[in-house]
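K.L.:
Here it is, the structure, as C-alpha cells.
In this note's numbering, the protein residues as written are 2 to 512.
This is the structure we're talking about:
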C-alpha cells in the first residue's frame, strides 16, 4: 500500500479522498490555488502546497507544477478525483514517466474513451448498441451533409466533450451554422480539441449509467445502475441508485453489457458506462467516463463498497475480493448536488462568504461537504459546495427522507439551489418516476423575465390561507372574550357598581 498520496483536486472530492486515505493510514498531500488558501481540503490534509494563482489553468491544470509538488512531497501516487485532470491522458502519461502511480486507467484507455468517435467504434465492435452518428466533421458543410443521412433533430458534439459542455441540439438546417461555431469555440476553450461529430437525437430519453470496477488481473464486476435523467443544460442535478422502472432482467442485461465493454478496452480501476434508454427501454451506448463519478456516493450507499478505497487498492496492485454473485443492491439512495447559485436569477453562480451553515443529520443521511462556516466560495471554479446523499429502504422512504434533510439544510450568506431541489422532490412526475432528460425543460419554464416556480404559487396560496385563518381565529377570540365578559359581569345597582354574576349552565351566546 502507498504511504503518501497527492490529491490533484479541490473541494468536497478532495476531502472525500483524504478521509479514505486516513482510514488506510496513508498520508495525504493537498494542492491549492491562491483562492483556496483557506479551503477545507487544505486544512484537512497532512501537507499542503501552493501551486499557482486562482485561474485553474495556472494551478489545478498545471501538470508540471503538480508533478513537481509530488516529487518534492514524496508522494508515491496521485488521485485526480473528477474534473480538472481526471481524464487527461497526458497527465497520466507524465505520471508514469516520473515514476508516480496515476490512480486511474492507463493513458491508452483514457485516449480511447476520451475520443467519443473512437469510443463509439470500439463499443460497436464489442457488440454494444450505439446511437446512430457520424465520423469527425471538419466544416458546417460536412455537418449538413451528415444530417441528411442521420436526420433531424441531432446532437452536435465535441469529440473530447463531457460534463455538459461542447454539445448543442440542432432541430433544423437553419441552426447548423450558429451551433457549429458555438460548439467548436466551446470545445477549443474547454478541452483544447475543436473536433466535432453528430449523433441522432433520441426524443425524451432516460440517462442511465452502470458503475464498474476492474483490477489488473482481468476481473471485472458491475455495481448496478444509476438514474441520471434529472439534468439542467445537460448537467446532472439529482441522481439515484438503482434506476427506477428497470426490471431485474433488464438490470442484469445492461450490467453484463457494461462488463463486456470494459473488458473490450482492457479497463482497470473504477469507471462508468453511460447509456440512453428510449421509450421502449431500448438502450444505446453514450460514452464511458474513465474516472470516479460525482454521483458515486449513491452506489456506495446501496451496494456497500467504498469506491475510492477500491480505486486506491487496485492502483496499489490489489485484486477485487468480490464475485458478481456477491454484489446486490440494498434499498435506495438519492443524491442532490448543492450548488452556490441563484435559481431565481437563471442559476447564476453566487460566490461569497458562508456566514452560517447547518448540515442535515439523522438516519440514512450523508453529506459530502467541501466548505465550512466562514469559508469563502470562490468564483473561479464549479459552484458545487456539497453533495447530499440519502438512503432508505425503498424509493418512497428515500424521497421523504430527502425532503426532510433539505428542510434542515441551511446556508446563510450565499444563495443555493436547495429550494430548486425541494421543488423537484415534491413534483408528482418525479415521485412517480415518470421523467426523462427533458424533465426540467418541460416542467420548469420561464414566463416573461421571471422563472415560474409551481412551489412559489403553492407557498403564496398557503400563506394567504394561513393569514385568513389567523384573522378568523383572532376575530373569534375577540367575540368569545366579549361574550364571556358579558355573561360574567352585569351592571347592578343605581350607583353604577359592578358585581360578579355567575353564568348559568347551558347559556351561550350566538355568533
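Note that beta-carbon positions come from the ideal geometry of N, C-alpha and C, so glycine has one too.
1) Go through the region 389 to 451 residue by residue and report every complete run of the beta strand (DSSP E) that reaches 3 residues or more, in order.
2) Please give me, in chain order, every unbroken run of the beta strand (DSSP E) with length at least 3 that falls completely inside the region 18 to 59.
3) Specify, as a first and last residue, the run of the beta strand (DSSP E) that residue 1 falls within.
4) For residue 226, does the count of other Cβ atoms within 10 angstroms reach 16, so buried, or fall short, so exposed?
5) Cutting at 6 Å between CB atoms, please list the residues of its own chain near residue 458, excluding the five before and the five after it.
6) Find the nearest neighbour of residue 354 within the set 395, 239, 343, 379, judged by alpha-carbon distance.
7) How far does the alpha helix (DSSP H) with residue 92 in it extend, from its first residue to its last?
8) Tell me whether the region 225 to 242 and the region 176 to 189 touch, counting them as touching only if at least three CB pairs, one residue from each stretch, are closer than 8 Å.
9) Please state whether DSSP places residue 301 in a helix, a strand or coil.
10) Do you know how far the Cα of residue 183 is from the Cα of residue 451?
11) Does the beta-carbon of residue 186 have 16 or more other beta-carbons within 10 angstroms, so that it is buried, or is it exposed?
12) Can you tell me whether residue 355 is helix, strand or coil according to DSSP?
13) Determine the DSSP secondary structure at residue 117, reduced to helix, strand or coil.
14) Just tell me which of 77, 384, 214 has its CA closest to the CA of residue 97.
15) Pull up the DSSP beta-bridge partners for residue 273, would you.
16) Give the DSSP bridge partners of residue 385, in chain order.
17) Does residue 167 pass the burial test, meaning 16 or more other C-beta atoms within 10 Å, or should it be called exposed?
18) With distances taken Cα to Cα, identify the nearest neighbour of residue 203 among 159, 138, 310, 132.
19) Using the DSSP secondary-structure output, state which residues sit across from residue 369 in a beta bridge.
20) Pick from 119, 297, 398: whose alpha carbon is nearest that of residue 211?
21) Just mark residue 442 as buried or exposed, buried being the case when its beta carbon has 16 or more other beta carbons within 10 Å.
22) According to DSSP, is residue 173 helix, strand or coil?
23) Rounded to whole angstroms, what is the Cα-Cα separation between residue 417 and residue 39?
24) So the beta strand (DSSP E) residue 156 belongs to, where does it begin and stop?
25) Could you check which residue in 351, 388, 393, 113 has the C-alpha nearest to that of residue 330?
26) To the nearest angstrom, how far is it from the Cα of residue 304 to the Cα of residue 142?
27) Check each candidate in 286, 271, 390 and name the one with the smallest Cα separation from residue 278.
28) For a test of the three-state rule: what should DSSP assign to residue 259, helix, strand or coil?
29) Quick check on the DSSP output: the beta strand (DSSP E) that includes residue 4 runs from which residue to which?
30) Please report the residue range of the alpha helix (DSSP H) in which residue 68 lies.
31) Where does residue 179 fall in DSSP's three states?
32) Do the CB positions of residue 372 and residue 41 come within less than 8 Å of each other?
33) Rounded to whole angstroms, how far is the Cβ of residue 350 from the Cβ of residue 342, which I believe are closer than 8 Å?
34) Quick one: measure Cβ to Cβ for residue 121 and residue 134, integer angstroms, because I've assumed they're closer than 8 Å.
35) Please tell me whether residue 70 has its Cβ less than 8 Å away from any Cβ of chain C.
36) Applying the 10 Å Cβ sphere with the 16-neighbour rule, what's the burial state of residue 26?
P.N.:
Here's the rundown:
1) 411 to 413
2) 28 to 34, 48 to 53
3) Residue 1 lies beyond the stretch modelled for the chain, which goes from 2 to 512, so this question has no answer here.
4) buried
5) Because residue 458 sits at a pLDDT of 45, beneath the cut-off of 50, its placement in the model cannot be relied upon, and the point is left open.
6) 379
7) 90 to 98
8) no
9) helix
10) Only weak support is given to the placement of residue 451: the predicted model assigns it a pLDDT of 39, under 50, and the question is left unresolved by the model.
11) exposed
12) coil
13) helix
14) 77
15) 212, 290
16) 340
17) buried
18) 132
19) 388
20) 297
21) exposed
22) coil
23) 21 Å
24) 155 to 163
25) 393
26) 48 Å
27) 286
28) helix
29) Counting along the chain, residue 4 falls outside any beta strand (DSSP E), and DSSP gives it neither H nor E.
30) 64 to 74
31) helix
32) yes
33) 5 Å
34) 6 Å
35) Included in the structure is just one protein chain, with no chain C present.
36) exposed
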